[in-house]
Every structure is written in C-alpha cells, then in structure tokens.
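Report on one structure; see the data block that follows.
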C-alpha cells in the first residue's frame, strides 16, 4: 500500500498509508483537532484546509460547495490519497465560518438610508427673532413661523410640550432644536431643546444633518418585539440608522402563563389586565434602561418606538380586552392600533415619543409576522418562500410577491428555553450547541460567553435532542434508552433524564439535565410547528418542496444547526442551501419600520394582503400534529436524509 | 284755566286743569303709579299708554321714539293738555319693555342651524355584520367598515376608547352608536354606545337626526367663558342648537388675586400653577355638574367644549407658564392652543370630549374678545362699531368688516360685583337697579328673584353710583356729601358710606352699603375702561362719535341703564339708540363656535386680523385714565347730556 507524506502547518511531516483518516494522521503528527461529535462528521468542527495535494472526502456535511472549492475538508470524514499540505484553521475561525454564513447575519443599515427622505421624525435647529414691543407674537406662533422655511407647516403639540416652549426658547436664547413627528396630521412637535446642537450649516438642510464634529448626537428610536416568551429591544440611532444596542429578556408575564391562552384567561380576572400590562411594560422599560446605559444615553432621548408582537401581546400591552381572541370566532379587538404617545401607556421613553404598534393580521398571526415577512423579504421576491417563526406561537407564512398565506399553532415556549427544566435564553452561560459521542454518549458543548454553563438555550436543545436521537439515546418516540452503559442517562425526579453537565462543571453548581418531560415539551413544540407549515402547504395545494427558500426566524439562539433541526423533524427535509436563519425577524421588521416610512407602509400592505387560515377549525392540523410527535416523524419518507441504523443504534448520515 | 277729563283704565274719570302732571291726576283717581326715582324721569317705571287725547311730554328719557309713536309717556314727566284715556300697563310689562329691548336678548339658535352641515361632531348609529369563522375581521376594522357608507373614512381613537369597542359592540348585539369628531385628521371616535338610539330612519341621514318621538336624546356640548372674575357655562343640545342651561359662578382663583397680574405672580410660586389650574377646573366642573343636573343629564354625555377666556385665564387653565404675559414685551406662550381631550386637563366632562380653546390675540386681548367680536357682529358689518367688554380687563375693539383694532386695560372686578364690600354676582338676591329720591335720598331698588337683597351686582352698582351722583350725594370726585340730612350717609369702618338697605330689609340681616372705598374702586374701573376706548379711538384717528354702534358686553347684570352708565362716565355720551347691551358676548361667541365650524373659523380669522395696541407702552393712556377718574369726567364737554345743577345739588337731565 502506498505511503503518503502529510504535513500539518509547520509541524514535522508524518507518513501514513492510503486511506488513513486525516484525524488519525493529525494524531500521529501531534496536532490537536477538535472532534466534539466524536468523529461522526456531524459537527463540522474538524474542518481543515487542504493547501496542496488531495484527500477523498467521504462526507462534506457542514461544508458548503464554496468551502469544498476552497479546499476545506472534514478531517474525520476525509482519507489520505496522496501527499498533502494541510492547514488547521484557528478554532474561532471555524466557529465564525459556521455561525456567520447562513446563520444570523449582523444587522446592517438599509442601503442608502437617508433620514431626510425615509424618516418620519425630524430634528430641526432654528434661531427665532426674539419678541419685542413691536412684535408681540406668541411663542408658539413664533416657533412655527421659524420652522416654516424648513418645510414644516403648522404644528400641533400636546399640552406638556406646549408648557415647555416658553422656558426652552428663553433658556436657549431663541435658538432651539425641535423634534417633530411628520407622520401625524398636522405634524406634531414632540420636544424642544434649548441647547443648540452643533450642526453642519455648510450643506443645504444642514440643520438636520447629524453633527460630524466628533460629538455625534443621535436621535434615538427603539424597535421592540414583544414575544410571548421573549421581549427584544433594539436601540437605534435614527440619523445614521445604526443599531447601537440589542437587548432581550423573558417577558415578565411568563409567571402568569406560558402561552397566550393562559395569559388571556389571567388577564380576564379581576385586576389581571392591569397586572399583565404592567408586567410587560416593566420588561420593556427595563430593557430600554439597559440599552440606554450601554450607549450612555437616557430613555427620554428616545422619541419613536415601533412595536411588533403577536396579537395577544399587543392587546395586553395596550390594555385592550383580549377575551375575543381565545373564543370562537377568534377575532381581535384591534389589528392596527392608531399611533399614540408613550405617556398614554407609561412606556419608559420620552413621554411624547410616537409609539407605532405595527399591524397584525388575525388573532394568532400578529404584527410580529407582518414585520417578519417584511424583514425576511418574503413579499419582495418572485421565489416562493416558506417563512417559519420558531416561537411560542409557531406562525408560518408561505408566499411570494404575489400571494401570502399564513397560519399559526401553539408551540409553547420550549424553543426559547422556557418550560424546560434547565432551559434559558440564548445569553451568557447558555449551552448553544451540543455534540454527543456515539460510543461513549459523553457530550461536548459550546457555551455562550465561554463560561461555565448555567442552562441550555433553544439551539442547544435542538442540537441536544438531535444528538441524543442520532446516537440512539432517544428513540423515535422520544423515550430515553435507559439500557445504555453510561452514567449520563439516569432516573431523575421526573423520570429518565440525560445529564449534559455535572454539577462541578456548571456555573451554578447543579447538574444540567434534559428530562423526559422536557423532551416531551420539545416534541410537542416541534410537532406543532411542523404540522403548521405542512397543513399550510397542503391548504394552498403546494408541496413543501415548492418552497424555493425556507426562512427561519426565532429567538432560539444565536445560530441553529439546520441538519439537527431537520433530524428532529422541526424543519422540513430540504437541501441545506435553501435554509436561511434570520434570527428575530420581528424585531428586525420593527427596526426597518422605525427607520423607513416606506417599509412601514409595506408592513401594513403585508398585513392587509395576507390570507389567514384558522387551524383551530381544521381537523387535518390535529392529524398532522399527531403524526409529527415522533423523531423525526411517523412517516420517515418525509425525511429521506435522516436514516437511522437501529441495528447498531448509531445513525448513519448520508 | 281749562279743565280736562282724564280716565285711567276703567276707574272713574277725574277732572284736572291744564298742566297737571299725569302722576297727580292718577293720584286723584286712586291709581297707583310706581315712581322709584321720585318722579325725576330717570327710571322709566311710570310709563303709561295714552290711548286717546294728548299730553305734553317734558322728557321722554327711557322711552324710544317707537315708544312715543305708540303713545307711551312718562307719567311723572307729562302734563295734561286735553281730555285723555290712559292705560297703565301691568308693571311686569313695563319691566319687560325696559329689559328686553336693548338689553340682554334671549339666546336664539342661529337661523338655519343644521348639525349635519355645521357641526363637527357626528352621531351615527350602525348595525355591523357579526364576526364568524368566515369573517374574522377585527372589531375596530369592522366598525370602520360599517361607518364608511356614512361618509366617515378611516378613524382614529384614543386607547381608552379602543378598549371599550369590543364589549360595546357585543353588549349592543352589533348595533351601536358612534360619536365622532370630524374636525380632527383622521376623524376621531370619541365614544361608542351599546344601546341603540331610537332614530328617524324615514329621512335621508336619519341616523343622525335628533329623535322626534318624545324622548329627545341630545348630543351635549358646553360653551365656557373663563373670566378673571366670573366663569360662565352654557349647556347646549348640539342637535337642535338650543342652550338648555346657563350657569355662572365666581372664578375660584379670585382668592389668589383679583386681577390677572396677581394671578400670574401667584402661579409663579411653588405649586402655584397647579393650584390655579385646579381652582378654575373646580369652578368649571362644578358649573358643568349644576348645568347637567338642571337638564337631567350627566357630564360624561358632553362630548365637545369650546372655551373662551382672556389669555391669562387660558394659560392658567392649560397649565401654560404665564410669566411672559406680565413682563415686557408682554407675549403669551400660546394664542391658539391645539384641540385636546378633556382628560388631558381633567375637565369634568366625557374624558374623550374635544376641548377647543378659542384663539386669542395678545397677552391682554384673549379669546373672550375674539369670541365677543364674533357674537357681537363687529366684524360682520360695514358700520364702525365700538365694542366694549365691561369686565375685569376692560377690553375694547373698534372696527368693522374691514378693520379691527383692540386694546385692553386693567379695570378690576368691581363691575362684576367683586372687590366691593357688598358686591355680588347678578344672581338671586342681587340689587340690580337702584333709584334714589332726590329730596329724601331714600333708595328704591329691584332685586333679582324678588327676594330680600343680599348684595349689589354690577348693574346695581352703576345705577347706584349714578343716582348718588345725580342727587348730589356724591360729588364729581366720588366723595360722599356728609352734610346731607339723611341717615343713609354715615361714617362706616372704611370712611363715609351709603346704606342702600337696612339690616331688617336684607336677606342676611346685615346692612347693605356702598363705601367710599367701593366708590373709589368703581371710579378706577370706569376710568380705565373709558380711557381704553378713548385712547383706542385716538389711536386710529377717529372720534368716538364715528362709532355708529356701541356694543357693550359684560357680566355686570341682566341689564344695564345706558344713561346711568353714561352719567358716571363709564360709557361715552352718545345717543341711546346707538347702544346695544349684549350680556356675556364671550360665552355667546363660544356657543356659536360650538355649534358651527364656520363661526369657529371666523373667530380664528378675527384673532388673526385684529391689530393690538399695547396701552402699557402708551403715556396717553395714563393721562386719559387720570382725566376720567371723575364723575362723569374732568372734561364735562365730553358729557354734554349730563348736566348737574350744583346750586340745587340736583342734576337736571335734558
């Protein structure tokens, strides 16, 4: 048998026979290559770059065709065929490649964002002619006269704003900066500030240009997504369009019910509505505070807030009775709330800030989905897309530029880490990815923030469940195989459970486990979501495969393994290239609406044209749900890529 | 000397010689003719109708040329010349003739008032298609769809209104009555009521017509005038235009200062602004309650309020800083406040009611004058009018359809009965007219409500001061003649005073007096007002006589004696026919604006086109004021009709 010379970076070369795995060659060369999945080709962490020579790739899972063209190979799945020079990339580069490409992209400001054209808020600095005995015009008229040359006609203002005009004008010695909402009729003065802004007056309209002299004074806005489980707030500089802070937290209402139905019932009790409203306001206001501290501003500098969220969340936020949402024929009170002032509901930003609640579609398809369709671009493409929001309410949209249908199902909060014993949000200390060794059942995991783990977030749960299934630790019914020779599977307080991390490895000194009950919750969640989009596709008479793109939104973590989500039957079994993970599409849609009035109008248009299919009236949903309560599904022909060799209890990925 | 037969009504005739006074003939016939002024021809109460024959009228004061043409004569001023048949009219007929003609007219609904055309509020009853599984439209959109055929496009609403929609629609079984403000953009839903109104559907637009079947359901509005001293509220049925209740009360702020300047200073103290706002709100809200009880409705049924008032009152009501009003260059914060919701300031009507503060002109010429110019018709005539508002701030307007100039002076509250020891508002128990016998100095008076007197209102004070002056009890400097042999003039706690009513004649068991200090206050008030309009006339280069009409507004009482007001030098000495007493022109203007959007627009136009003359910068005002601090004036040539024969100390009226 021929022997080949393999060189890893600058280490001394090793000589190995044809057919040797690169991981084995590396071991001989004394080079450490990470194999969290136990060398099963599932995690993609052993990717190496073949600089010269060639290897035979048995599997290229987790590699794109571009990766292969560049010379990447999975060391655990590639065998030596000739001499080769191999580069082992730094681990963080591997991680970055895996997490940035088809996973959550950084938020970029929309191309060509021009606040003067796109933004409804205006900030204008003017110098007024002071009053005199010859000109006793009132302050309010005087201000409006000064603003008129800036294209601002007669204004309105609330009484609190009117009350501060006189003092502000005099404090600023008749030079003042006005913040104006041009979206209302007539335009509304939101605030007047005495201290003149340093502005660039060398350009036309310079009074509105962001100051360029080292001390940028942003005009702040906030984009908010109120999820049943997670609330997200983005703090945005409206003059540049940049997102300056992103914060998220569990919705304070969770303690009063995990799903929208139990929240509505709670709200219907005496004082429940006020309590629910206060709970979510406290969550939002706390997030706003945190975001503001992060960029060294204060909430009263936020003058515009766009809010997305499902219909129940929107009703509870606004104090609107929500009872009709849960009772047949399931109608909302208000799908498109008129804009109002922050003070009207006690939102902790500038009391005069414009609050724009984005329009929803129906009781179970809210503004979060209208916003998600916008930010995912479903409505802006000729391609047919399947848009799946992996959230508590499992909404799905199918459509294109020409048509949009939508439905929702109650998935529960499991994929957001709630309702799972060691679940947590995708923040520091959360296990976000897991690999389980097929022989030893020992896990390897990655923790957000590279600290000791404190729990598992949505992406970690998907990953863990898939690994446990593929290694045979879980059967297709979601039951633990308690006969395996591993201490990781044991009987806990709630039946069988798998220990991901022992107490001495964790941040809080307790074992981190996945219990049978957790698995059941996750199964029901994934089954509901799968049933939702498959019934929807049936409803429009299109196979799922007709979708040219699968756009996945959700707060389950910073990134998600497509194949693991497919392996558990959460996502349809389609080519990896068709999946796009978009993170929180709702808050991103709210962000786009915050910046651009055209985007805002498009959301309204999306909400108007979406056809809502009520699944609660559809028997086929229950059938689809029941069939999906398995790993990956009752009907394995729907998941051809997931082949499990039950003889060895080790799955084989082709 | 010839003898003539005089017959009074159906009493036996008497025979008297030529030259006998009719009052003497009546005495002989046993007919009682009232002579409150002691037969001096001043009060007009002895008017009789000469049916046949003739008398010679020595004076026709208090009679119009029409009266004389009809045959009226003053019995105390007419002598027998031939046989005559005389009718003595019932006393109430005399009173009515004296008080209704050129005095306060009853409020009449503007001719041709059509709520569908003139009113900004609409009340529309609609029946909605209930939601079903086939039509899951949200309640808010469903309501708007139902209203669209009624010419109402997309609506807005406050959150509290949105919150009640769902329940209201279901309680009313999908038939509902909407109250909509069409003046806002977009139109605003103010309220939704479940109980269907009984409406006349037999006419087009019948859904808005006032029900005619015995149970009128008015759509209520309120017109408010906030005077420095007196607050007036009219409760108006907006569907018919009828004023259903008129109530007035002293402004609760009086205890914190009598004039606007002292109020502004008080408001500038810590907590003063809130206190001032609460005081006037309490006054208004109390009046609204009273008015509502009177017509058996509740304040929450009032959906629109128009408010007139001087600029300081408006600022204090709205919580706007008022300091700049009193400091040079004397500018207001806001002359034309945008409309707001009643809840925004705690006005005790429906919280969603539209509150429309009418536009003012300048610091010392407020919305009360804009409204007064409208209701008095100054701006609607080719005639040059002099409009004098005899209130605490003594505003004057001169002008016509083509031009309007205005000024103001601080007159103080004396003519509204405040700041005078026994002064009171023109309500039950107020002495509203006084006659003093020129020989005995004994008074006769008329009390509102025909009860025992409790004080003197503005018209009573004018009347009393004129009588005391004409009878010589007061000299031209306003000093009491303490040498007269009458117990009515005595030394009181504050110097000389005149006793109008002894304790046993009064409602509260105390003497009612006019003190030297009171006279001084009244003198200063009338001097300020006189100086105001005379300087204004000078300013536009027109003699006062150029005014073809003198329109007098004010809350001084139900009616006022022209000649007495002239006699004390409050009003210019012009022919009686040119005077028109209009009562509270401000609340009347607010009432017209409440009903008719065209009238509302006219007030804004009036405010815009009025030229304000700042008297505080005008030395000639102080000169004019000082010259007017006499009865009737330093320069008697300005008051040719007021001739006082100081030899007899009894004035002779020509």
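Protein chains in written order, with the numbering used here: chain A, 2 to 655; chain B, 2 to 655. The C-beta atom is built at its ideal place from N, Cα and C for all residues, glycine as well.
Can you say whether residue 256 of chain A is buried or exposed, counting buried as having 16 or more other CB atoms within 10 angstroms of its CB? Translated into the one-based positions of the first chain, residue 256 of chain A becomes position 255. The residue is exposed, with fewer than 16 neighbouring Cβ atoms inside 10 Å.
Along the region 608–626 of chain A, what residues have a CB closer than 8 Å to any CB found in chain B? 613, 615 and 618
If I measure Cβ to Cβ from residue 121 of chain A and keep anything under 7 Å in the same chain, skipping five residues before and after, which residues do I get? Here the question's residue 121 of chain A lines up with position 120 in the first chain. These residues qualify, in order along the chain: 182, 183, 184 and 598.
Just list the alpha helix (DSSP H) runs in the region 284–370 of chain A, keeping only unbroken ones of 4 residues or longer that don't cross its boundaries, in chain order. 312–319 and 324–327
Tell me, please, whether the CB atom of residue 158 of chain B is closer than 8 Å to any CB atom in chain A? By one-based count along the second chain, residue 158 of chain B stands at place 157. Output row for residue 158 of chain B: interface = yes.
Out of A/262, A/372, A/410 and A/193, which has the shortest C-alpha to C-alpha gap to residue 307 of chain A? In the first chain, counting from the first residue as 1, residue 307 of chain A sits at position 306. Among A/262, A/372, A/410 and A/193, the Cα nearest to that of residue 307 of chain A belongs to A/372.
The region 302–317 of chain A touching the region 254–274 of chain A, judged by at least three CB pairs closer than 8 Å: yes
Taking a Cβ distance cut-off of 9 Å, strictly less, list which residues of the region 290–321 of chain A are near chain B, in chain order. 312, 319, 320 and 321
Return yes when the Cβ of residue 497 of chain A is within less than 8 Å of the Cβ of residue 569 of chain A, no when it is not. Numbered from 1 along the first chain, position 568 holds the residue referred to as residue 569 of chain A. Numbered from 1 along the first chain, position 496 holds the residue referred to as residue 497 of chain A. Against a cut-off of 8 Å, the Cβ pair of residue 497 of chain A and residue 569 of chain A comes out as no contact.
May I have the straight-line CA-CA distance separating residue 1 of chain B from residue 608 of chain B, to the nearest angstrom? Here chain B has residues from 2 to 655 only, and residue 1 of chain B is not among them.
DSSP-derived helix/strand/coil call for residue 453 of chain A: Position 452 of the first chain holds residue 453 of chain A. In this structure, residue 453 of chain A counts as coil in the three-state DSSP scheme.
Count Cβ pairs between the region 31–51 of chain A and the region 74–89 of chain A that sit closer than 8 Å; are there 3 or more? yes
Cβ pair count under 8 Å reaching 3, the region 381–392 of chain B against the region 541–549 of chain B: yes
Near residue 11 of chain A, what residues of its chain come up, given a Cβ to Cβ distance below 7 Å and the 5 sequence neighbours on each side ignored? Against the first chain, residue 11 of chain A aligns to sequence position 10. Excluding sequence neighbours, residue 11 of chain A sits near nothing in its chain.
Using DSSP bridges, identify the partner residues of residue 580 of chain A. For the purposes of this step, residue 580 of chain A is identified with residue 579 of the first chain, where counting begins at 1. Beta-bridge partners of residue 580 of chain A (DSSP): A/551.
Between the region 221–234 of chain B and the region 298–307 of chain B, do at least 3 Cβ pairs fall closer than 8 Å? yes
So residue 500 of chain A and residue 511 of chain A are in contact, right, with Cβ under 8 Å, and what is the actual spacing, rounded? As a first step, residue 500 of chain A must be located in the first chain, where it is residue number 499. As a first step, residue 511 of chain A must be located in the first chain, where it is residue number 510. Contact check for residue 500 of chain A and residue 511 of chain A: beta-carbon distance about 11 Å, past the 8 Å limit, so the pair fails to qualify.
Between residue 36 of chain A and chain B, is there a C-beta pair that is closer than 8 Å? Locating residue 36 of chain A in the first chain gives position 35, counting from the first residue. False, the Cβ-Cβ gap to chain B never drops below 8 Å.
If we call anything under 8 Å between Cβ atoms a contact, is residue 639 of chain B one with residue 539 of chain B? Numbered from its first residue, the second chain carries residue 639 of chain B at position 638. Numbered from its first residue, the second chain carries residue 539 of chain B at position 538. No.
Reference residue 20 of chain B, options B/47, B/14, B/9 and B/55, closest by Cα: Against the second chain, residue 20 of chain B aligns to sequence position 19. Considering only alpha carbons, the answer is B/55.
Determine the closest residue to residue 195 of chain B out of B/563, B/543, B/368 and B/174, with distance taken between C-alpha atoms. As a position in the second chain, residue 195 of chain B is number 194, starting the count at 1. When only C-alpha atoms are compared, the closest one is B/174.
Contacting positions in the region 107–141 of chain A - beta carbon closer than 9 Å to chain B: 131, 132, 133, 134, 135, 136, 137, 138, 139, 140 and 141
As assigned by DSSP and simplified to three states, the class of residue 233 of chain A: One-based indexing of the first chain puts residue 233 of chain A at position 232. If DSSP states are grouped into helix, strand and coil, residue 233 of chain A belongs with the strands.
To which residues does DSSP link residue 445 of chain B through a beta bridge? As a first step, residue 445 of chain B must be located in the second chain, where it is residue number 444. Looking at the DSSP output, residue 445 of chain B bridges to B/436.
Proximity below 8 Å, CB of residue 336 of chain B to CB of residue 142 of chain A: Residue 336 of chain B sits at position 335 when you count from the first residue of the second chain. Residue 142 of chain A sits at position 141 when you count from the first residue of the first chain. Yes. Within cutoff.
Taking 8 Å as the CB-CB cut-off, is residue 188 of chain A touching chain B? The count along the first chain starts at 1 and reaches residue 188 of chain A at position 187. No, no contact with chain B.
With three or more beta-carbon pairs closer than 8 Å as the criterion, would you say the region 613–630 of chain A touches the region 449–466 of chain A? no
Are residue 239 of chain A and residue 245 of chain A closer than 8 Å when you measure CB to CB? For the purposes of this step, residue 239 of chain A is identified with residue 238 of the first chain, where counting begins at 1. For the purposes of this step, residue 245 of chain A is identified with residue 244 of the first chain, where counting begins at 1. No, these two residues do not count as a Cβ contact at 8 Å.
Distance between residue 603 of chain B and residue 170 of chain B (C-alpha atoms, nearest Å): Translated into positions along the second chain, residue 170 of chain B becomes position 169. Translated into positions along the second chain, residue 603 of chain B becomes position 602. Straight-line Cα distance between these residues: approximately 39 Å.
Residues bridged to residue 257 of chain B by DSSP? Here the question's residue 257 of chain B lines up with position 256 in the second chain. According to DSSP, residue 257 of chain B bridges with nothing at all.
I need the boundaries of the beta strand (DSSP E) containing residue 251 of chain B, first residue and last residue. Your numbering for residue 251 of chain B matches position 250 in the second chain. Here the beta strand (DSSP E) through residue 251 of chain B covers 244–251.
On the three-state DSSP scale, how would you describe residue 408 of chain A? Here residue 408 of chain A corresponds to residue number 407 of the first chain, with the count starting at 1. Correct three-state label for residue 408 of chain A: strand.
For residue 50 of chain B: DSSP bridge partner residues: Along the second chain, read from residue 1 onward, the residue named residue 50 of chain B stands at position 49. According to DSSP, which records beta bridges pairwise, residue 50 of chain B is partnered with B/73 and B/88.
On the DSSP bridge list, what partners appear for residue 221 of chain B? Position 220 of the second chain, counting from 1, holds the residue named residue 221 of chain B. DSSP, once it has assigned bridges, lists B/238 and B/303 as partnering residue 221 of chain B.
So what does DSSP say about residue 391 of chain B, is it helix, strand or coil? For this step, residue 391 of chain B is matched to residue 390 along the second chain. Secondary structure at residue 391 of chain B: coil, using DSSP grouped into helix, strand and coil.
Closest by C-alpha distance to residue 354 of chain A, when choosing among A/180, A/278, A/272 and A/527: The sequence position of residue 354 of chain A within the first chain is 353, counting from 1. With distances taken between Cα atoms, residue 354 of chain A lies closest to A/180.
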